Amino acid sequence: MSSVLSGIVTLPPDAPAGRAARVVVEVRNVSRSDTPESIVAAQVLTDVPLSPGGHVPFSVTVPGELVPGDNYGLRVHVDVSGSGVMESGDLVSAEANPVPAGSTAGLIASVTLV
692 MSSVLSGIVT LPPDAPAGRA ARVVVEVRNV SRSDTPESIV AAQVLTDVPL SPGGHVPFSV
752 TVPGELVPGD NYGLRVHVDV SGSGVMESGD LVSAEANPVP AGSTAGLIAS VTLV
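Mapping to this note's numbering: the sequence shown position 90 is 781, numbers consecutive.
Rendered as structure tokens:
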């Protein structure tokens, strides 16, 4: 059985107007500080319209269930040019965007301009 996590990426007032080549929303297991975060699932959106202070809806399908007791977070990269690497002009998660236990909808992930 799979879980679907949905919500919005909130763009800051200084976000560029136009289109992003890609928006990547990752669900990561952030339970352990002594190991790298593992990517549990991701959604890649292409040719995404952007506007200052706007938002981008997302829906990530997680294969299987989220492990009870583990902690999860969202990591977002708004890749304006489509280079696949973080660069000036992109927007990224700069703070923790936790996935509350039992939540599957109404998630909010904020990003800031690089």
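Cβ coordinates follow ideal geometry from the N, Cα and C atoms, glycine included. Predicted model only: the values in this text are computed from it and were never measured.
Supposed close pair residue i, residue j - CB separation, criterion 8 angstroms
i, j, result
"residue 717", "residue 733", "4 angstroms"
"residue 790", "residue 803", "With a Cβ gap of about 19 angstroms, residue 790 and residue 803 do not count as contacting."
"residue 719", "residue 730", "6 angstroms"
"residue 706", "residue 741", "6 angstroms"
"residue 709", "residue 796", "The pair is not a contact, with the Cβ atoms about 28 angstroms apart (cut-off 8 angstroms)."
Beta-carbon proximity of residue i to residue j, cut-off 9 angstroms
i, j, result
"residue 761", "residue 711", "no"
"residue 801", "residue 739", "no"
"residue 694", "residue 752", "yes"
"residue 702", "residue 743", "yes"
"residue 805", "residue 781", "yes"
"residue 792", "residue 721", "no"
Given residue i as reference, the closest of the options once Cα atoms are compared
i, options, result
"residue 715", "776, 797, 787 and 793", "776"
"residue 798", "765, 704, 785 and 780", "765"
"residue 767", "736, 779, 707 and 792", "736"
"residue 696", "785, 763 and 774", "763"
"residue 772", "713, 750 and 725", "713"
task: Enumerate, from N- to C-terminal direction, the unbroken beta strand (DSSP E) stretches of 3 or more residues contained entirely within the region 706 to 784.
output: 709 to 720, 729 to 741, 746 to 753 and 763 to 770
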